[in-house]
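Asks: One line per chain: the protein sequences are A, B and C, in this order. When we follow my numbering, the leftmost residue of the first sequence carries the number 803, and every step to the right adds one. When we follow my numbering, the leftmost residue of the second sequence carries the number 803, and every step to the right adds one. When we follow my numbering, the leftmost residue of the third sequence carries the number 803, and every step to the right adds one. Just so it is clear, CB atoms sit at the ideal spot from N, CA and C, and this is done for glycine as well.
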Amino acid sequence: MQISLGKIADHVGGILEGDGEIGISGVAKIEEAGKDQITFLANPKYARFVETTGASAVIVPADFSSASSRALIRCPDPYFAFLKAVVLFHPPHPLLEKGIHPTAVVGAETDLGDDLAVGPYVVIGKRCRIGHGTVLMPGTVIGDDVCIGDQCVLHANVCIREKTRIGRRVIIHCGSVVGSDGFGFARVGQKYEKIPQTGIVVIEDDVEIGANVTIDRATLGETRIKRGAKLDNLIQIAHNCTVGEDTVIAAQAGLSGSTHLGKRNRIGGQVGFAGHLTVGDDAAVGAQSGVDKSIPDGEMVFGYPARPIRETMRVMAALNRLPDLIREIRQMRERMKALEKKTRK
Amino acid sequence: MQISLGKIADHVGGILEGDGEIGISGVAKIEEAGKDQITFLANPKYARFVETTGASAVIVPADFSSASSRALIRCPDPYFAFLKAVVLFHPPHPLLEKGIHPTAVVGAETDLGDDLAVGPYVVIGKRCRIGHGTVLMPGTVIGDDVCIGDQCVLHANVCIREKTRIGRRVIIHCGSVVGSDGFGFARVGQKYEKIPQTGIVVIEDDVEIGANVTIDRATLGETRIKRGAKLDNLIQIAHNCTVGEDTVIAAQAGLSGSTHLGKRNRIGGQVGFAGHLTVGDDAAVGAQSGVDKSIPDGEMVFGYPARPIRETMRVMAALNRLPDLIREIRQMRERMKALEKKTRK
Amino acid sequence: MQISLGKIADHVGGILEGDGEIGISGVAKIEEAGKDQITFLANPKYARFVETTGASAVIVPADFSSASSRALIRCPDPYFAFLKAVVLFHPPHPLLEKGIHPTAVVGAETDLGDDLAVGPYVVIGKRCRIGHGTVLMPGTVIGDDVCIGDQCVLHANVCIREKTRIGRRVIIHCGSVVGSDGFGFARVGQKYEKIPQTGIVVIEDDVEIGANVTIDRATLGETRIKRGAKLDNLIQIAHNCTVGEDTVIAAQAGLSGSTHLGKRNRIGGQVGFAGHLTVGDDAAVGAQSGVDKSIPDGEMVFGYPARPIRETMRVMAALNRLPDLIREIRQMRERMKALEKKTRK
Chain A
803 MQISLGKIAD
813 HVGGILEGDG
823 EIGISGVAKI
833 EEAGKDQITF
843 LANPKYARFV
853 ETTGASAVIV
863 PADFSSASSR
873 ALIRCPDPYF
883 AFLKAVVLFH
893 PPHPLLEKGI
903 HPTAVVGAET
913 DLGDDLAVGP
923 YVVIGKRCRI
933 GHGTVLMPGT
943 VIGDDVCIGD
953 QCVLHANVCI
963 REKTRIGRRV
973 IIHCGSVVGS
983 DGFGFARVGQ
993 KYEKIPQTGI
1003 VVIEDDVEIG
1013 ANVTIDRATL
1023 GETRIKRGAK
1033 LDNLIQIAHN
1043 CTVGEDTVIA
1053 AQAGLSGSTH
1063 LGKRNRIGGQ
1073 VGFAGHLTVG
1083 DDAAVGAQSG
1093 VDKSIPDGEM
1103 VFGYPARPIR
1113 ETMRVMAALN
1123 RLPDLIREIR
1133 QMRERMKALE
1143 KKTRK
Chain B
803 MQISLGKIAD
813 HVGGILEGDG
823 EIGISGVAKI
833 EEAGKDQITF
843 LANPKYARFV
853 ETTGASAVIV
863 PADFSSASSR
873 ALIRCPDPYF
883 AFLKAVVLFH
893 PPHPLLEKGI
903 HPTAVVGAET
913 DLGDDLAVGP
923 YVVIGKRCRI
933 GHGTVLMPGT
943 VIGDDVCIGD
953 QCVLHANVCI
963 REKTRIGRRV
973 IIHCGSVVGS
983 DGFGFARVGQ
993 KYEKIPQTGI
1003 VVIEDDVEIG
1013 ANVTIDRATL
1023 GETRIKRGAK
1033 LDNLIQIAHN
1043 CTVGEDTVIA
1053 AQAGLSGSTH
1063 LGKRNRIGGQ
1073 VGFAGHLTVG
1083 DDAAVGAQSG
1093 VDKSIPDGEM
1103 VFGYPARPIR
1113 ETMRVMAALN
1123 RLPDLIREIR
1133 QMRERMKALE
1143 KKTRK
Chain C
803 MQISLGKIAD
813 HVGGILEGDG
823 EIGISGVAKI
833 EEAGKDQITF
843 LANPKYARFV
853 ETTGASAVIV
863 PADFSSASSR
873 ALIRCPDPYF
883 AFLKAVVLFH
893 PPHPLLEKGI
903 HPTAVVGAET
913 DLGDDLAVGP
923 YVVIGKRCRI
933 GHGTVLMPGT
943 VIGDDVCIGD
953 QCVLHANVCI
963 REKTRIGRRV
973 IIHCGSVVGS
983 DGFGFARVGQ
993 KYEKIPQTGI
1003 VVIEDDVEIG
1013 ANVTIDRATL
1023 GETRIKRGAK
1033 LDNLIQIAHN
1043 CTVGEDTVIA
1053 AQAGLSGSTH
1063 LGKRNRIGGQ
1073 VGFAGHLTVG
1083 DDAAVGAQSG
1093 VDKSIPDGEM
1103 VFGYPARPIR
1113 ETMRVMAALN
1123 RLPDLIREIR
1133 QMRERMKALE
1143 KKTRK
């Protein structure tokens, strides 16, 4: 199979310099690419390869300047464009065939959209609504009164508890749990009594949730993951939290109850948030930080406890000098004594 | 639907001041509540709202003093009482209908109690005993020789490995794993050989376990979660650990092998415990701490490594002054030199 | 049932001193063992018990010197040998009966080996190949084009995504996910667009993976867990990582994308690795460390950020002295002032 360079440029959204009729038969790394292949240059360090590569065409940064006559596709993000080209040559085969597998159990009064793919041993509760084109992989369990929008993919063994509301084009990876009870107990004497968790979880459009994530339902009201947020694997979102639009959270991070993240936050792996905090928009938190205070718009914090990154860096640098400092102070103590002795005379 | 104020006071276990015949039709926040609604006051900051709220009745702290003639229900924990009232107006519908779904697979010689709700695609091993009134949600898998008490709820896709023993009124949330092999290997030359994990897990009465938790079986003997302990999501309990009565552990915390927690511990999120430690009763560990030493009764520790909270706070405060300290020492060095020069003369 | 001491010595791979015909009927701790039982001595502290125990035989270290006439089995690792003896007396019953359960769904063109045990509600995709003697526990879901070798055990509710390749004698515990999409997004304006994850995961021979682990597929190419590596529960392995031969990783640790661990690494619990790092062979990382730099062969690091263990210990020790240091510097400041005043005269 050959694809014309013009078609590839269109598909990746780049500007073509060269003959659009050139036929391309595959993709490769810049050092390895040969005739009829397309490659990419993301790191300026490798710019010299654009001259020497055997590839018939190269995807380059928009502002790349080249003396070579090789065909180029200019893109703002060449690596991402290249990955789109990879998909063009290796289109993913569908996860599941269309249709409702005969072993799927569907509750009464549940409304199934058109064009679904529902795998073996999926269980859907009563009074649910599943949108058009949604894919439910094998072993997924959906409680009563759940609403899932169009074009979602729920991977194998996902659990969605009752009353959860999920938007459109949401992807949830294997083993994740949405709508589990919030962790709430009232101390009665020496024991704990369970506080009923009667709220829900809302997942808005275009959210992606990794594997084995847990998102708890609210005590009252909602836990909400807003439009376009992206959660990695093994993340914990406690009851009554909000994750803002287009916020990304790396693996194994955790939010305690009633903490609200703003828009476009970038949260590192294994970060922990205390409860009842508010994080502004465009904030960032370095990996493994322990956040015990709210964070204003645009701030970047880091550390345990998390502080503005410059402060933490300053303290960490000082800390490395601490053993030498102790030695110096010990010497100064001696010099001080000597001086005091002298001046006493 | 209206419920009389007297009935509500009974249900929440409070003392009524006012007309028990007043009909209440719903619940609301104190700023938003209107006629025929009940609300609550937990935070003294909002006490003035008790006079101005539109609500027909207010749940207040036991010692609340009011000049108003509004109907009150006095309770030790008004928020918890209010949540009980919420449940009265919005009773949870059952997770699952009673009965054994025809697709459930039940092993030979397994003894099922009365009044069970066993969902689609549940698999129960051989020689198990499941108590009365227990609910097994869809996709749950129970190994051979497992014993589960009365009135338990195992949510969807929970895995219980062979020989596990679970008490009464235990709740286990979606995706959790009880009885997986402990992480034990013997180094033989350059490689590792698996150490057989022949022990079991015991979960006592009234334990609640969050979603996607992992509790490993013992190498020999037992891993045991004692009566009334509450575990949040994504927690790791290694082989041969004990979690004491009424101990609460927040999300993503982990215990290494053979560590024993006492009664009524409060363990923060993302805390890690080394192995072979012993924690006394009524101890507390701050979030993200790394515990490398045993903890006596009643102690509160925090930090990495975890130390008594006052020590850690003192060190952290000192740490913030460290960059200024370095500057000061640099100045003292100069002043010292100057002094030494002077006194040499 | 009695087993001869000679047979036990053979089974545990030890050297017998005494009568191989002695019949042994069970195992016990050294303080509790009685006639016809076998016990072990691992800790030299308890050596005196070898004389006084009621056991008929004791498994002892290879170099143990005894004046007693009691029958001994000498082994390099007595505890491990004892556990092998335990298994001899309490052989594990098989997790599952041989055969393909009639409810298992097997895709077209999938090739099943001999002697399999495939449980209820297992789903296997198309064009898979499952080796001989492999066990697939209930609720396990295997995507299309997956290859699994001989003698593997996949516990209940494991998810293996499409195209994953698994070697021989691999054990994967309940709820783990292999082959989920890597966490890759390209920022396009204010939003994120998904980067297709077209690579795979390869798990080599003799790997063991704990419960509720997540291992992401590569963006391009492979994520690879090499021969003999052992992963505990709730671990995150991001896209394009490598875990080297015989490396062990404790629970709740996480690797960011494209990080490569060497052979025989020992990684503590809750450790986090930044992305694009390289760790040499025989390195070790202390629990909860945050690794932000590559680690050479044989190095042991610890801390947040992780540094060679001696450095971190030196800094931590200094840190504990910091509050006293501040007090001392305050005093020196006063003494300095006094000296300066004096010398000014």
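To the nearest angstrom, how far is the alpha carbon of GLU819/B from that of PRO940/A?
Replies: For GLU819/B and PRO940/A, the distance between alpha carbons rounds to 56 angstroms.
Asks: Does any CB atom of chain A fall closer than 7 angstroms to the CB of GLN999/C?
Replies: Taking Cβ atoms only, chain A never reaches closer than 7 angstroms to GLN999/C, which makes this a no.
Asks: What residues in its chain sit with their C-beta under 8 angstroms from that of VAL1103/B, if we drop five residues either side in the sequence?
Replies: ALA1085, ALA1086, VAL1087, GLY1088, SER1091, VAL1093, ILE1097, ARG1109, PRO1110, ILE1111, THR1114, listed in sequence order.
Asks: Let me make sure I understand the geometry here. Which of ASN1035/A, LYS1139/A, ILE950/A, LYS1095/A has the alpha-carbon closest to that of ARG963/A?
Replies: Of the listed residues, the one whose Cα sits closest to ARG963/A is ILE950/A.
Asks: Please classify THR854/B: is it buried, with 16 or more other beta-carbons within 10 angstroms of its beta-carbon, or exposed?
Replies: Exposed, by the Cβ-count rule.
Asks: Are LEU843/A and VAL829/A closer than 7 angstroms when you measure CB to CB?
Replies: No.
Asks: Just to make sure I have the definition right: I need the residues of chain A whose C-beta is within less than 7 angstroms of the C-beta of GLN1072/B. Which are they?
Replies: What GLN1072/B touches in chain A: GLY1056, GLY1074.
Asks: Which of the residues in the stretch 1033-1054 of chain B, read from start to end, lie with their CB under 8 angstroms from any CB of chain A?
Replies: Here the close residues are ASP1034, ASN1035, LEU1036, ASP1048, VAL1050, ALA1052, ALA1053, GLN1054.
Asks: For LYS837/C, does the three-state DSSP call read helix, strand or coil?
Replies: Three-state result, LYS837/C: coil.
Asks: What did DSSP end up calling GLY1001/A once you bin it into helix, strand or coil?
Replies: Three-state DSSP puts GLY1001/A in coil, outside helix and strand.
Asks: Quick one: what does DSSP say GLY1074/C is sitting in, helix, strand or coil?
Replies: In the structure shown, GLY1074/C sits in a strand (DSSP, three-state: E or B).
Asks: What are the boundary residues of the beta strand (DSSP E) that ALA1120/A is part of?
Replies: No beta strand (DSSP E) holds ALA1120/A; the alpha helix (DSSP H) holding it covers 1111-1122.
Asks: If contacts are defined as beta-carbon pairs under 8 angstroms, then CYS930/A and VAL948/A qualify, I think. What distance do you get, rounded to the angstrom?
Replies: The pair is a contact, with the Cβ atoms about 5 angstroms apart (cut-off 8 angstroms).
Asks: Taking only beta-carbon atoms, is HIS975/C less than 7 angstroms away from chain B?
Replies: Answer yes: the Cβ-Cβ gap between HIS975/C and chain B drops below 7 angstroms somewhere.
Asks: Residues in the stretch 1101-1127 of chain A with C-beta within 9 angstroms of chain B's C-beta atoms, listed in sequence order?
Replies: The residues in question are TYR1106, PRO1107, ARG1109, GLU1113, ARG1116, VAL1117, ALA1119, ALA1120, LEU1121, ARG1123, LEU1124, LEU1127.
Asks: Can VAL979/A and GLY977/B be called in contact, C-beta distance under 7 angstroms?
Replies: Going by C-beta atoms, VAL979/A is nearer than 7 angstroms to GLY977/B.
Asks: Name the two residues that bound the continuous beta strand (DSSP E) containing PHE987/C.
Replies: It spans 987-990 - the beta strand (DSSP E) in which PHE987/C sits, taken as one unbroken run.
Asks: For the putative contact between SER868/C and VAL852/C, defined by C-beta atoms under 8 angstroms, what is the C-beta separation to the nearest angstrom?
Replies: Their Cβ separation, rounded to whole angstroms, is 6 angstroms, which keeps SER868/C and VAL852/C in contact under 8 angstroms.
Asks: Determine the contact status of THR1049/A and ALA1031/A, defining contact as a CB-CB distance below 7 angstroms.
Replies: It is a contact, given that the beta carbons lie within the stated cut-off.
Asks: Give the DSSP bridge partners of SER868/B, in chain order.
Replies: Paired residues: none, contrary to the question.
Asks: Distance, Cα to Cα, PHE985/C vs GLY1071/C?
Replies: Cα to Cα, PHE985/C sits roughly 22 angstroms from GLY1071/C.
Asks: Would the beta-carbon of LEU1036/A fall within 7 angstroms of that of ILE1011/A?
Replies: Going by C-beta atoms, LEU1036/A is not nearer than 7 angstroms to ILE1011/A.
Asks: Checking 7 angstroms against the spacing of the C-beta atoms, do PRO880/C and HIS903/C come in under that value?
Replies: Cβ distance not < 7 angstroms, so PRO880/C and HIS903/C don't count as in contact.
Asks: Judging by CA-CA distance, which residue of ILE817/B, LEU914/B, GLU899/B is the nearest neighbour of HIS864/B?
Replies: The sequence given here places Ala at residue 864/B; His does not occur at that position. Cα-wise, what sits closest to ALA864/B is ILE817/B.
Asks: Let me make sure I understand the geometry here. Which of ILE932/B, THR905/B, GLU911/B has the alpha-carbon closest to that of LEU918/B?
Replies: Comparing Cα positions, the closest option is ILE932/B.
Asks: Spatial neighbours of ASP913/A within its chain, please: C-beta separation below 6 angstroms, excluding the five flanking residues on both sides.
Replies: Around ASP913/A: ARG931.
Asks: Short of 7 angstroms Cβ to Cβ, which residues in the stretch 824-835 of chain B face chain A?
Replies: Against chain A - using a Cβ distance shorter than 7 angstroms - the stretch 824-835 of chain B contributes no residues.
Asks: With a CB to CB cut of under 6 angstroms and the five nearest residues on each side skipped, what residues in its chain are close to ALA958/C?
Replies: Excluding sequence neighbours, ALA958/C sits near MET939, PRO940, GLY941, CYS976.
Asks: For the ligand PLP, is there a heavy atom less than 6 angstroms away from the beta-carbon of ASP1048/A?
Replies: Summarising the ligand content, the structure contains no ligands, and the ligand PLP is consequently not present.
Asks: Does GLY935/B come out as helix, strand or coil in the three-state DSSP assignment?
Replies: Here GLY935/B sits in coil by DSSP.
Asks: With DSSP as the reference, label ARG1135/A as helix, strand or coil.
Replies: Three-state DSSP puts ARG1135/A in a helix.
Asks: Return the chain-ordered list of same chain residues with a C-beta closer than 6 angstroms to the C-beta of ILE974/A, the five sequence neighbours on each side being excluded.
Replies: Once the five neighbours on either side are set aside, the close Cβ partners of ILE974/A are LEU956, VAL960, ILE1011.
Asks: Between which two residues does the beta strand (DSSP E) holding ASP1018/B run?
Replies: From DSSP, the beta strand (DSSP E) with ASP1018/B extends over 1016-1018.
Asks: Determine, using beta carbons only, whether LEU898/A and VAL937/A come nearer to each other than 7 angstroms.
Replies: Yes, the Cβ-Cβ distance between LEU898/A and VAL937/A is below 7 angstroms.
Asks: List, in order along the chain, the chain A residues whose C-beta lies closer than 9 angstroms to that of GLN839/B?
Replies: Near GLN839/B there are no residues of chain A at all, since even the closest Cβ is about 14 angstroms away, more than 9 angstroms.
Asks: With LYS1004/A and GLY981/A assumed to form a contact (beta carbons below 8 angstroms), what rounded beta-carbon distance in angstroms separates them?
Replies: Per the sequence shown, the amino acid found at residue 1004/A is Val instead of Lys. VAL1004/A to GLY981/A, Cβ: 10 angstroms. No contact.
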